[in-house]
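Below: the structure, in structure tokens.
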Amino acid sequence: MIETGKTFVVMGLLDADSIAFAIGKQIQAFGGKVIYTVQSERMKKIFFDRSKKLSDEDRADLDIRFCDITKDEEVEALFEGIEGPVAGLVHSIAYSNPKTCLGPEFHTDAYEDLKLGFQISAVSLATVTKYAQPKMTAGGGIVTLTFASERAFAFYNWMGVNKAALEAVVRGLARRHGKENIRVNAVSAGPVFTIAAKHIPGFEELGQTWAKSSPLNWDPKNAQQEVAGAVSFLLSPYAKQITGQTIYVDGGASIIGGELLPHER
Ligand SMILES: NC(=O)c1ccc[n+]([C@@H]2O[C@H](COP(=O)([O-])OP(=O)(O)OC[C@H]3O[C@@H](n4cnc5c(N)ncnc54)[C@H](O)[C@@H]3O)[C@@H](O)[C@H]2O)c1
432 MIETGKTFVV
442 MGLLDADSIA
452 FAIGKQIQAF
462 GGKVIYTVQS
472 ERMKKIFFDR
482 SKKLSDEDRA
492 DLDIRFCDIT
502 KDEEVEALFE
512 GIEGPVAGLV
522 HSIAYSNPKT
532 CLGPEFHTDA
542 YEDLKLGFQI
552 SAVSLATVTK
562 YAQPKMTAGG
572 GIVTLTFASE
582 RAFAFYNWMG
592 VNKAALEAVV
602 RGLARRHGKE
612 NIRVNAVSAG
622 PVFTIAAKHI
632 PGFEELGQTW
642 AKSSPLNWDP
652 KNAQQEVAGA
662 VSFLLSPYAK
672 QITGQTIYVD
682 GGASIIGGEL
692 LPHER
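The number in the working numbering is simply the position in the sequence shown, starting from 1, with 431 added.
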């Protein structure tokens, strides 16, 4: 589906369960070259330690670089260090301090945590686009990952706010970079049981909500692949007139009023 032999940068690898990893593997299966990023050199070691199911061959095949998206100089160096053009970029990055920005209480006075969460989860899409653009000489697709920001979920609090901002950043960037033939879109995924997500308070309940409201029987335990397919489509020439959109890959839960009734399951 995507253009064979072209280079794609996939940012946001934590372990082999990360959505980023499924996306990278899908791109490679279509014949693309993938450069993954982790947050730091230390995180690269953590990735290999945690991803025990990877074979030695898989490990040797991975091109993993590091880049903390709060540091402009690291983002700039990442793209400057890539030989040849970049055909697409995946931003699969988010962070909010779970102790202060997520949980049973919405109100918080942890303003520094709020600012950091906003920078990492929303603003950073603009940062990476700015430095990727000179390498995207033939245009291409940029895709980020969001989550159901039009609704207020228990515990998700300020991450929901960041996701709404992220979707607005997508639209701003789509408008700004259309003239360079760079398309910017978001995939709004249903809950995916990545290791990181399991640490979000109330995440188990979110999975149960989806079980009650997804006409397509969304399975949070095996959803990475579903997300990766849609991201690959948005990176591909098949999506060449799609930009600024948030595409829902959530088993249809976002369009359901209330819960599915027994005869609808
Ligand atoms: N898991 C879900 O249910 C779900 C649903 C919808 C959307 N999403 C979104 O998908 C994306 C990937 O999430 P995931 O579930 O694969 O979790 P993940 O923890 O595997 O991915 C998040 C990544 O963000 C990285 N990150 C955080 N701060 C960073 C920084 N300063 N610089 C660089 N990288 C940084 C982490 O290192 C990690 O690799 C996130 O944007 C998440 O909000 C996840």
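Just so it is clear, CB atoms sit at the ideal spot from N, CA and C, and this is done for glycine as well. Source: prediction; values computed, not measured.
N-terminal and C-terminal residue of the alpha helix (DSSP H) that residue i is part of
i      : result
Val680 : First-last for Val680: Thr677 to Val680, but that is the beta strand (DSSP E), not the alpha helix (DSSP H).
Leu637 : Phe634 to Ser644
Met590 : Asn588 to His608
Val559 : Ser555 to Ala563
Lys546 : Tyr542 to Phe549
Phe479 : Glu472 to Arg481
Phe510 : Asp503 to Glu511
Ala491 : Asp487 to Asp492
Whether residue i touches residue j by CB criterion (8 Å)
i      : j      : result
Ile495 : Leu576 : no
Leu520 : Ala557 : no
Ile458 : Val465 : yes
Phe537 : Asn593 : no
Ile631 : Leu533 : yes
Val618 : Val574 : yes
Arg602 : Gly675 : yes
Ser645 : Glu690 : no
Gly572 : Leu665 : yes
Val440 : Ala451 : no
Gly660 : Phe586 : no
Trp649 : Ala596 : no
Ile513 : Thr438 : yes
Nearest neighbour of residue i, chosen from the options [CA to CA]
i      : options                           : result
Glu598 : Pro565, Met432, Val615 and Val658 : Val615
Ala628 : Val517, Ser527 and Asp487         : Ser527
Phe478 : Val554, Leu692, Ile673 and Ala447 : Ala447
Leu604 : Ser663, Ile673, Ala585 and Glu635 : Ile673
Ile686 : Phe586, Phe452, Glu507 and Trp641 : Trp641
Glu611 : Ala460, Asn653, Ala525 and Ala518 : Ala518
Ile551 : Ala569, Thr539, Trp589 and Phe584 : Trp589
His608 : Gly512, Pro565 and Val506         : Pro565
Lys671 : Ile613, Thr531 and Ala654         : Ile613
Leu485 : Lys456, Val506 and Glu472         : Lys456
Endpoints, the beta strand (DSSP E) within which residue i is located
i      : result
Thr575 : Gly571 to Thr577
Phe497 : Ile495 to Phe497
DSSP three-state assignment for residue i, whether helix, strand or coil
i      : result
Thr438 : strand
Arg582 : coil
Lys464 : strand
Ile524 : coil
Ala661 : helix
Val615 : strand
Phe452 : helix
Ile626 : helix
Ala684 : helix
Ala654 : coil
Glu620 : It should be noted that the sequence gives Ala, not Glu, for residue 620. The answer is strand: DSSP assigns Ala620 an E or B state.
Residue i versus residue j: straight-line alpha-carbon distance, rounded
i      : j      : result
Asp492 : Gly436 : 15 Å
Ala579 : Gly621 : 8 Å
Tyr669 : Met432 : 8 Å
Asp544 : Val623 : 24 Å
Gly638 : Gly682 : 12 Å
Phe510 : Gly688 : 44 Å
Ile678 : Glu504 : 31 Å
Leu647 : Val680 : 11 Å
Thr625 : Met567 : 30 Å
Ala453 : Ala541 : 34 Å
Cys498 : Lys561 : 15 Å
Val662 : Val559 : 17 Å
Glu434 : Ala569 : 12 Å
Met474 : Ile500 : 14 Å
Lys476 : Thr531 : 28 Å
Gly462 : Ser667 : 12 Å
His694 : Arg606 : 44 Å
Pro651 : Pro529 : 20 Å
Pro535 : Glu488 : 44 Å
Arg490 : Asp480 : 11 Å
Chain B within 8 Å of residue i, Cβ atoms only
i      : result
Met432 : Judged by its chain identifiers, the structure shown contains no chain B, having just a single protein chain.
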